[in-house]
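Enquirer: I have a structure here, written as structure tokens, and I will follow up with some questions on it.
Chains as they are written, first to last, in the numbering used here: chain P, 80 to 233; chain F, 80 to 233; chain H, 80 to 233.
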């Protein structure tokens, strides 16, 4: 049996966890959109002029820190989660220990939830956000380096 | 035959449609770049100081609503299309009815084209853009939930 | 043997190169984050109010061109690299000549490194950045069109 059919199979708990946590992270990123809409409506900050009919009777603003905050958290997700997704697949193909892989997926997912929470829900002083961010960053970097060392076809 | 080799195969029309519509959506996102360049050149809004030699003889501006509009549409694509791509693969692995899968890909792709059209080409009042956006959002969310319920390896 | 098991295998150098260069590009994108942090700390531009305790004794600014520059380069990566990743996989499934595929991955990766270098490290006048960008753009477009023509399941 080839390595790939041994790795990319429902018999491999690491692969199942990859699909599960990947989908959880997609849902997590999706939540940023209604969160932004809620802040926009509460603070009266339409993103586009043609949206102003949704804000009738509200005092409109150009920007508000609470809107910017959710946007920054969303952008940080965009910068970190899709590349994790892609490199985690490359990492899976290196046939890692399933328990290690599962734990890395768990910690990454948890770290990204904490990052958003302390950034955009309840603002917590640094280094809370920095630590959450660096945790996900190091896991992504570890996976990328492991995959490069394994495949090294330049 | 394993489920994966039954799903990830050119004999599965849902898989072929996934690759086709995925590539169409990539082309769709790519179009946002020349569209932005066109608006920047027309409106005289260079993104970076070293670009000003391309704008000779033009009156330069810091920003223009038509440029911002294309940028917002592009950013919205970035927020919605890559996660769809990723979760649609997870959804395919749940072995869905091929016709349902095909129709979801069709509707998502159409919705994203409409979103860009009413946002950045011909501005249409709300709820046009909101409806286009929510259609793609709900499809992505449905796929994520279906994949999580199927794999649930936490 | 099915086409997919002939393409998605460690015996296919194009597949190994895809995983290798994909992981290299993930590392390349990751570098943008510490680069941004470095510029923020040097220029005194905290992204969020709660970060100001990290900047003690520094004169703080709302923005600085050097910070914006790295951010623009990062955003351009986000606009171009994940879609390349996705469409390169679709392209691989069309069973391309391995040497051609390998060279396209090489040129794309090199072009993206050059793009960042001339944009955010040593500013080089146009058309340096434009050429680097268009190289990656054309490769991504070629792959998307090839995949669509091959699968065409609409």
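Glycine residues also receive a C-beta, built at the ideal position from the N, C-alpha and C atoms.
When the cut-off is 8 Å and only beta carbons count, does residue 89/P lie next to chain F?
Expert: yes
Enquirer: Nearest by alpha-carbon distance to residue 150/P: which of 210/P, 129/P, 117/P is it?
Expert: 117/P
Enquirer: Report back the beta-carbon spacing between residue 105/H and residue 223/P to the nearest angstrom; my notes put them in contact at under 8 Å.
Expert: 5 Å
Enquirer: Taking the alpha carbon of residue 112/H as the point to measure from, which residue in 160/H, 152/H, 87/H has its own alpha carbon closest?
Expert: 152/H
Enquirer: Tell me the residue span of the alpha helix (DSSP H) that contains residue 102/H.
Expert: Per DSSP, residue 102/H belongs to the alpha helix (DSSP H) from 92-122.
Enquirer: Name, please, each residue of chain F whose Cβ falls closer than 8 Å to the Cβ of residue 150/H.
Expert: The contacting residues do not exist; residue 150/H stays about 11 Å from chain F at best.
Enquirer: Run down chain H in chain order and give the residues with a C-beta less than 7 Å from the C-beta of residue 205/P.
Expert: 129, 130, 132, 133
Enquirer: At the 8 Å Cβ level, is residue 99/P part of the contact set with chain F, yes or no?
Expert: yes
Enquirer: Check whether the Cβ of residue 231/H lies closer than 8 Å to any Cβ atom in chain F.
Expert: By this cut-off, residue 231/H is an interface position.
Enquirer: Since residue 144/F is in the alpha helix (DSSP H), which residue starts that stretch and which ends it?
Expert: Counted as a single uninterrupted DSSP element, the alpha helix (DSSP H) harbouring residue 144/F occupies residues 144-171.
Enquirer: State the DSSP-derived secondary structure class of residue 139/P, mapped to helix, strand or coil.
Expert: coil
Enquirer: For the alpha helix (DSSP H) that contains residue 179/H, what are its first and last residues?
Expert: 177-195
Enquirer: Listing by chain order, which chain H residues have their CB less than 7 Å from the CB of residue 169/P?
Expert: Those are 98, 101, 102, listed as they occur along chain H.
Enquirer: Candidates 195/H, 196/H, 168/H, 173/H: which alpha carbon is nearest residue 184/H's?
Expert: 168/H
Enquirer: Is residue 175/F close to chain H? Criterion is C-beta to C-beta, closer than 8 Å.
Expert: no
Enquirer: Got a sec, what are the start and stop residues for the alpha helix (DSSP H) residue 225/F sits in?
Expert: 207-230 is the span of the alpha helix (DSSP H), which, as asked, contains residue 225/F.
Enquirer: May I ask which residues mark the beginning and end of the alpha helix (DSSP H) holding residue 83/P?
Expert: Annotation for residue 83/P: the continuous alpha helix (DSSP H) segment containing it runs 82-86.
Enquirer: Touching or not, the segment 212-221 of chain P and the segment 135-150 of chain H, by the rule of three or more beta carbon pairs under 8 Å?
Expert: no
Enquirer: For a cutoff of 8 Å on Cβ pairs, would you count residue 183/H as touching chain P?
Expert: no
Enquirer: Just confirm the distance between the C-beta atoms of residue 225/P and residue 173/P, as a whole number of angstroms; I'd bet it's less than 8 Å.
Expert: The pair is a contact, with the Cβ atoms about 6 Å apart (cut-off 8 Å).
Enquirer: What did DSSP end up calling residue 174/P once you bin it into helix, strand or coil?
Expert: Of the three classes helix, strand and coil, the one that applies to residue 174/P here is coil, per DSSP.
Enquirer: So what does DSSP say about residue 133/H, is it helix, strand or coil?
Expert: For residue 133/H, the three-state secondary structure derived from DSSP is helix.
Enquirer: Under 9 Å between beta-carbons, which chain P residues line up against residue 220/F? List them in chain order, please.
Expert: 105, 106, 109
Enquirer: Judging by CA-CA distance, which residue of 125/F, 165/F, 220/F, 124/F is the nearest neighbour of residue 101/F?
Expert: 165/F
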